[in-house]
Amino acid sequence: MFLAKVIGTVWSSVKWDELGGIKLLLVRPYSLADLGGKPAEKAPDHDGVVCADVLGAGEGEDVVIAYGHAARVAISEMLPDGAKPNVPIDAAVVAIVDRYAVGESE
Amino acid sequence: MFLAKVIGTVWSSVKWDELGGIKLLLVRPYSLADLGGKPAEKAPDHDGVVCADVLGAGEGEDVVIAYGHAARVAISEMLPDGAKPNVPIDAAVVAIVDRYAVGESE
Amino acid sequence: MFLAKVIGTVWSSVKWDELGGIKLLLVRPYSLADLGGKPAEKAPDHDGVVCADVLGAGEGEDVVIAYGHAARVAISEMLPDGAKPNVPIDAAVVAIVDRYAVGESE
Amino acid sequence: MFLAKVIGTVWSSVKWDELGGIKLLLVRPYSLADLGGKPAEKAPDHDGVVCADVLGAGEGEDVVIAYGHAARVAISEMLPDGAKPNVPIDAAVVAIVDRYAVGESE
Amino acid sequence: MFLAKVIGTVWSSVKWDELGGIKLLLVRPYSLADLGGKPAEKAPDHDGVVCADVLGAGEGEDVVIAYGHAARVAISEMLPDGAKPNVPIDAAVVAIVDRYAVGESE
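Protein chains in written order, with my numbering: chain A, 1 to 106; chain B, 1001 to 1106; chain C, 2001 to 2106; chain D, 3001 to 3106; chain E, 4001 to 4106.
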């Protein structure tokens, strides 16, 4: 998993039925420099990551993103109609971050 | 998942039967700099990504790409003959993008 | 898997039920330079990695991190109530490191 | 998936039985610069990728490589004795490329 | 998969039971420059990769590493007691390399 900030949204009308009702967010992963108190390098060469969200993460919030099976489990268990293990997404918000701390040993 | 632009096509006659009728596209992932309004860095060192498409994405269109099981689910559910969970692809277009927005908090 | 040092913690109140009781750690992966005795490059552009822990790894300790199914197996088998194969995490501590050695052939 | 050129071969006598008869190839992934007509950056820092092949790809040929389950499906379905879903490989040639084109919109 | 050299060992007493008896190795992935005869760039920013081994790879030997399900299959099938598909590792040695060759077309 990785720590990221929600920076935007993606809209699509041509997509899989299973994606209906699932919001697609653009997120910016935090780099280790961001975490460690150094001036933030915004990693301009980093791919633009898109992830599914059903927790209601808003723009500017910090989130934890998981990939793969974990992302599909997260989305499936949160939707009203239960079991959708085959939703065609590979990244999802699994937690909205209240706070994070990097210790003195760093 | 990541946001990408369709830039080309790959043709192959020596391939798995399961790939017959599935178009193979070349895509260019957007970098965070591309999304944020800075001059686009075209990430020349980035691997040339190939993905399967059955949504009909055309060259120059923006798409959302998923990897792994999500890609196979996407391809399987869209094909006329239904269940092909074992198609040997690991990346596919899961949405054609109408619009994306990066907020002011960035 | 990769070798990393525990550098911090993430707290979240909005998350999946399955994540209750599982600690989320921030870790800094070791680079090959760190291992080989050269001055450490702290890889400031590296994504901030978040991983689940039920082994009780403390800040400053060295750990081995696994991704994907391996991470879910690790977390599932360690929790009191046994089988939780669908916990929505994709990275976990699988070992707390006593010692590592890089040989003379390097 | 990604586009790559076959550049060499790996020989091993100490390996899993399931790998007997499967050729292990060294491939060089194409970068976006290679695709776009710019002078090729050979990405010297890129890991040396090894992939399984049962399609008969020869040195110098362009191929499409898939990772993970897709790779095992590809290898399993091509071998004479059918079902070998548990072959311990994570990358395989899924298509030998006749031609690829990058459009004018790039 | 990727080509790597064994450079060290990791010892841990706090780990999963399933990892008992499985050696954890530190490996240095070969870069394309290493393969192609150019002066080796040791990729100091590369993460320190840890992989499981039951083939008996020694320090300084070249190996092929596979990730994910392939790694678990490799470890499971080699251990005396057979079926351990849920061992919490995501990388393993699947072949010890006798020789590799990069062709003239490169």
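Just so it is clear, CB atoms sit at the ideal spot from N, CA and C, and this is done for glycine as well.
Checklist entry - Assuming Ala3004/D contacts Val3049/D under a Cβ cut-off of 8 Å, what Cβ separation, rounded to an integer in Å, is found between them? => result Along the fourth sequence, read from residue 1 onward, the residue named residue 3004/D stands at position 4. Along the fourth sequence, read from residue 1 onward, the residue named residue 3049/D stands at position 49. Going by Cβ atoms, the distance from Ala3004/D to Val3049/D rounds to 7 Å, so yes, they are a contact pair.
Checklist entry - According to the neighbour-count rule (16 or more other Cβ atoms, all chains shown, within 10 Å of its Cβ), is Asp4053/E buried or exposed? => result Position 53 of the fifth sequence, counted from the first residue, corresponds to residue 4053/E. Classification of Asp4053/E: buried, given that the 10 Å Cβ count is 16 or more.
Next on the checklist: Applying the 10 Å Cβ sphere with the 16-neighbour rule, what's the burial state of Trp4011/E?
Outcome noted: As a first step, residue 4011/E is located in the fifth sequence; it is residue number 11 there, counting from the start. A residue is called buried when at least 16 other Cβ atoms come within 10 angstroms of its Cβ; Trp4011/E does not meet this threshold and is exposed.
Next on the checklist: Could you check whether Val63/A and Val93/A sit closer than 8 Å to each other, using their CB atoms as the reference points?
Outcome noted: On the first sequence, residue 93/A is found 93 positions in, with the first residue counted as 1. On the first sequence, residue 63/A is found 63 positions in, with the first residue counted as 1. Yes, they are a contact pair.
Item to check | Start-end ranges of the beta strand (DSSP E) lying completely within the region 1013-1091 of chain B, minimum 3 residues | outcome: With a minimum length of 3 residues, the continuous beta strand (DSSP E) runs that stay inside the region 1013-1091 of chain B are 1023-1029, 1049-1053 and 1062-1067.
Checklist entry - If you measure beta-carbon to beta-carbon, which residues of the region 10-29 of chain A are closer than 7 Å to chain B? => result Flagged, chain order: Val10, Trp11, Ser12, Ser13, Val14, Lys15, Trp16, Leu19, Leu24, Leu26 and Arg28.
Next on the checklist: Could you tell me the alpha carbon to alpha carbon distance between Glu106/A and Leu2035/C, rounded to whole angstroms?
Outcome noted: In the first sequence, the residue the question calls residue 106/A occupies position 106. In the third sequence, the residue the question calls residue 2035/C occupies position 35. In this predicted model, Glu106/A has a pLDDT of only 48, less than 50, meaning its place in the structure is not dependable enough to derive any value.
Next on the checklist: Here's the rule: buried if 16 or more other CB atoms are within 10 angstroms of the residue's CB, otherwise exposed. What is Ser1076/B?
Outcome noted: Position 76 of the second sequence holds residue 1076/B. By the neighbour-count rule (16 or more Cβ atoms within 10 Å), Ser1076/B is buried.
Item to check | Reduced DSSP secondary structure (H/G/I, E/B, other) of Glu2106/C | outcome: Working through the third sequence from its first residue, we reach residue 2106/C at position 106. Its pLDDT being 48, under 50, Glu2106/C is placed unreliably in this model, and the value from its coordinates should be taken loosely. Coil, per DSSP.
Checklist entry - On the three-state DSSP scale, how would you describe Val2097/C? => result Counting from one through the third sequence, the residue named residue 2097/C turns up at place 97. When DSSP states are grouped into helix, strand and coil, Val2097/C belongs to the coil group.
Item to check | Under 9 Å from the C-beta of Asp4098/E: neighbouring residues of chain D | outcome: Locating residue 4098/E in the fifth sequence gives position 98, counting from the first residue. Chain D residues near Asp4098/E: Val3010, Trp3011, Ser3012, Ser3013 and Val3014.
Checklist entry - Under 8 Å Cβ-Cβ, which residues of chain E neighbour Gly2068/C? => result Here the question's residue 2068/C lines up with position 68 in the third sequence. Residues of chain E passing the Cβ test: Gly4068 and Asp4090.
Checklist entry - Could you give the distance in angstroms between the alpha-carbon of Gly68/A and the alpha-carbon of Met1/A? => result Mapped onto the first sequence, residue 68/A falls at position 68. Mapped onto the first sequence, residue 1/A falls at position 1. Taking the straight line from one Cα to the other gives about 10 Å.
Next on the checklist: Using beta carbons (cut-off 8 Å, strictly below), is Val2087/C in contact with chain E?
Outcome noted: Here the question's residue 2087/C lines up with position 87 in the third sequence. So, not an interface residue.
Next on the checklist: Mapping the DSSP letters down to three states, classify Thr4009/E as helix, strand or coil.
Outcome noted: For the purposes of this step, residue 4009/E is taken as residue 9 along the fifth sequence, with counting starting at 1. Of the three classes helix, strand and coil, the one that applies to Thr4009/E here is strand, per DSSP.
Checklist entry - How many Å lie between Val14/A and Leu1026/B at the Cα? => result For the purposes of this step, residue 14/A is taken as the residue at position 14 of the first sequence. For the purposes of this step, residue 1026/B is taken as the residue at position 26 of the second sequence. Val14/A and Leu1026/B: Cα-Cα distance of roughly 19 Å.
Checklist entry - Is there at least one Cβ from chain E nearer than 8 Å to Lys3034/D's Cβ? => result Numbered from 1 along the fourth sequence, position 34 holds the residue referred to as residue 3034/D. In the sequence on display, residue 3034/D carries Asp and not Lys. Judged by the 8 Å Cβ criterion, Asp3034/D is not in contact with chain E.
Checklist entry - Can you list, in chain order, the residues of its chain whose CB lies under 6 Å from that of Trp2016/C, leaving out five sequence neighbours each side? => result Start at 1 with the first residue of the third sequence, and residue 2016/C comes out as number 16. Excluding five sequence positions before and after Trp2016/C, the CB atoms of its chain that fall closer than 6 Å to its own CB belong to Pro2088, given in chain order.
Item to check | Under 8 Å between C-beta atoms of Leu24/A and Thr9/A | outcome: The residue you call residue 24/A lines up with position 24 of the first sequence. The residue you call residue 9/A lines up with position 9 of the first sequence. Result yes, Cβ atoms of Leu24/A and Thr9/A sit closer than 8 Å.
Item to check | Test: Leu1055/B CB closer than 8 Å to a CB of chain D | outcome: Counting from 1 along the second sequence, the entry for residue 1055/B is found at position 55. So, not an interface residue.
Item to check | Within 8 Å, strictly: CB atoms of Val3107/D and Gly3058/D | outcome: A query on residue 3107/D cannot be resolved here, the shown segment of chain D reaching from 3001 to 3106 and no further.
Checklist entry - Buried or exposed: Asp4098/E, going by 16 or more other Cβ atoms within 10 Å of its Cβ? => result Start at 1 with the first residue of the fifth sequence, and residue 4098/E comes out as number 98. The C-beta of Asp4098/E has fewer than 16 other C-beta atoms within 10 Å across all chains shown, which makes the residue exposed.
Checklist entry - For a contact meaning CB atoms closer than 7 Å, what does Val50/A contact in chain B? => result Residue mapping note: residue 50/A aligns to position 50 of the first sequence, counting from 1. Neighbours of Val50/A on chain B, chain order: Met1001, Phe1002, Leu1003 and Val1064.
Checklist entry - What's the gap between the Cα of Ala70/A and the Cα of Ala91/A? => result The residue you call residue 70/A lines up with position 70 of the first sequence. The residue you call residue 91/A lines up with position 91 of the first sequence. Near 8 Å, if we compare the C-alpha coordinates of Ala91/A and Ala70/A.
Checklist entry - So, is the C-beta of Ile3007/D closer than 8 Å to a C-beta in chain H? => result Of the chains in the structure shown, none is chain H; the protein chains are A, B, C, D and E.
Checklist entry - Hey, how far is the Cα of Asp1047/B from the Cα of Tyr3030/D? => result Position 47 of the second sequence, counted from the first residue, corresponds to residue 1047/B. Position 30 of the fourth sequence, counted from the first residue, corresponds to residue 3030/D. Roughly 6 Å between the two C-alpha positions.
Checklist entry - How long is the line joining the alpha carbons of Ala4033/E and Leu2032/C, rounded to whole angstroms? => result Translated into the one-based positions of the fifth sequence, residue 4033/E becomes position 33. Translated into the one-based positions of the third sequence, residue 2032/C becomes position 32. Each residue's Cα considered, the two are about 16 Å apart.
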